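See structure below.
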Amino acid sequence: GYHKILEENRKLYNQVQDLKGNIRVYCRVRPFLPGQSNLSTVGHIDDGSITILTPPKYGKEGHKSFTFNKVFGPFATQEEVFSDTQPLIRSVLDGYNVCIFAYGQTGAGKTYTMSGPKVLTEQSFGVNYRALNDLFHISKERKDTFCYEISVQMIEIYNEQVRDLLASDGPHKRLDIRNSSQTGFAVPDANSVPVTSTTEVIELMDIGQKNRAVSATSMNDRSSRSHSCLTIHVQGRELASGVVVRGCMHLVDLAGSERVNKSEVKGDRLKEAQHINKSLAALGDVISALAQKSSHIPYRNSKLTQLLQDSLGGQAKTLMFVHISPEVDAVSETLSTLKFAERVAMVELGAAQVNKDNGEVKELRLQVASLKAALAKKE
Ligand code: ADP
Ligand code: MG
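The opening residue of the sequence shown carries number 1466 in this note's numbering; numbering runs sequentially from there.
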């Protein structure tokens, strides 16, 4: 009897989880860097909202507020940021697909969140490392019931071309995104490396970083103008039944979202900027179409959204970290970043959703009560 109640309760809990939506948006504010004046445009921050102080040209109020699933202030630690990400990691082992993005203008802290600072310490490890570390831990915990295999790929998308950052001969070849019934949308020709420990992962990330640097010969900082994607494939076989579950997680450090002044850049830089604009807009369109439960999701408009097709929408879970810089001269980029993010999150987070949640929770509570009553009658 009791066990059955617990089972029902779990089902209901999962339904509530589902109602909360599969798209989440977290905002993170970078602290001032050494030597910067600390004149900040970030006003009030609480758990779910942030207020930006705006100069007169943005209107008389002098401030604008934005609401997200979570807002991390400048003093949030890597550990705190990750602890709200953890449930997604677990779901990869249960066979879900997950996408985690870092969005924001160059210098706002995307790479810091995903990979950590240049000189790493235990405290400063980013989401990528922590996610894999968790995957290893949880798969060990489950070793009596499941046998897991974990492998990683690392690619970059630059000017709508896909390159392998783990290729042994460097990231020279252009790769194709293919769809197969076995693996769904993937880059089958990119090196896929089985991993069993975080030490191996750190080595691979190092290779990936170096390969990104190799391709940067013509530009001093290509990394801010390409999307890089660490993909983790997980395959778990249930020992008792032999049933296999597959999950996949994409950890994406997006190209800088800053708009370039078209009158100032020409040639290669202009082409790059156009590719970046196009692919970030395509990503925004896909996520907002998903959030609005639209019948047509425009995956085909960019390489990025094609690649992630199986991990955006459906049962997949999406988390976007939106990064902003606190400096005064970044204020217009900050506002356009937050507007993008709000558009992505809007439908999920509107007041209507909150009410619906409360109503549904109440409804589910009633169901639990009546189930309990029915059970009591039977026993
Ligand atoms: P992006 O990848 O968005 O261009 P970075 O992650 O490279 O930006 O961050 C720019 C600089 O700010 C780097 O020196 C980075 O170490 C530092 N930084 C970013 N976020 C934080 C943070 N939360 N705490 C401390 N330093 C940070
Ligand atoms: Mg970066």
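Using N, Cα and C, we set each Cβ at its ideal position, and we do this for glycine too. Bear in mind that the values here come from a model prediction, so they are computed numbers and not experimental data.
With 16 other Cβ atoms within 10 Å as the buried cut-off, status of residue i
i, result
"Gly1581", "buried"
"Pro1791", "buried"
"Ala1746", "exposed"
"Leu1704", "exposed"
"Ala1596", "buried"
"Glu1545", "exposed"
"Arg1493", "buried"
"Lys1522", "exposed"
"Arg1453", "For residue 1453 there is no data in the structure shown, the boundaries of the chain being 1466 and 1844."
"Glu1723", "buried"
"Ser1633", "exposed"
"Glu1621", "buried"
"Gln1543", "buried"
Chain C contact for residue i (CB, 7 Å cutoff)
i, result
"Arg1555", "Of the chains in the structure shown, none is chain C; there is only one protein chain."
Distance cut-off 6 Å: residue i Cβ against heavy atoms of ligand 2
i, result
"Lys1675", "no"
Nearest-angstrom Cα separation, counted from residue j out to residue i
i, j, result
"Ser1616", "Asn1593", "13 Å"
"Ala1838", "Gly1466", "12 Å"
"Gly1649", "Thr1586", "36 Å"
"Met1619", "Gly1524", "44 Å"
"Ala1795", "Gly1721", "13 Å"
"Arg1702", "Lys1736", "46 Å"
"Ser1835", "His1468", "16 Å"
"Gly1712", "Tyr1764", "20 Å"
"Val1584", "Tyr1577", "11 Å"
"Pro1539", "Phe1590", "17 Å"
"Val1751", "Thr1770", "7 Å"
"Asp1512", "Tyr1613", "36 Å"
"Val1812", "Thr1610", "At Val1812 the pLDDT is 47, less than 50, meaning the model places this residue with poor confidence; the figure from the coordinates comes in the next sentence. Their Cα atoms are separated by approximately 39 Å."
"Lys1731", "Val1709", "51 Å"
"Leu1779", "Thr1519", "Note that residue 1779 corresponds to Gly in the displayed sequence, not to Leu. Each residue's alpha carbon lies about 38 Å from the other."
"Glu1473", "His1509", "41 Å"
"Gly1845", "Gly1560", "A query on residue 1845 cannot be resolved here, the shown segment of the chain reaching from 1466 to 1844 and no further."
Anticipated Cβ contact below 8 Å, residue i with residue j, distance rounded
i, j, result
"Asp1671", "Ser1693", "That belief does not hold up - the Cβ atoms of Asp1671 and Ser1693 are roughly 14 Å apart, past 8 Å."
"Arg1690", "Ile1741", "6 Å"
"Pro1517", "Thr1799", "Position check: residue 1517 holds Ile in this sequence, whereas Pro was assumed. Contact flag correct, Cβ pair sits at about 6 Å."
"Ile1642", "Leu1777", "Not quite, the Cβ-Cβ distance comes to about 14 Å (not below 8 Å), so this is no contact."
Closer than 6 Å: residue i CB and nearest ligand 1 heavy atom
i, result
"Ser1689", "yes"
"Lys1535", "no"
"Thr1576", "yes"
"Arg1595", "no"
"Gly1572", "yes"
"Arg1607", "no"
"Pro1496", "yes"
"Pro1582", "yes"
Which ranges does the beta strand (DSSP E) cover as unbroken runs of at least 3 residues, wholly within the stretch 1500-1549, from first to last along the chain?
Runs of the beta strand (DSSP E) inside the stretch 1500-1549: 1507-1510, 1514-1518, 1528-1532, 1535-1537.
Runs of beta strand (DSSP E) lying entirely within the stretch 1617-1648, each at least 3 residues, in chain order: Qualifying beta strand (DSSP E) stretches, in chain order: 1626-1629, 1643-1645.
Please list the segments of the beta strand (DSSP E) lying wholly inside the stretch 1770-1818, counting only runs of 3 or more residues, in order along the chain. 1782-1789, all fully within the stretch 1770-1818.
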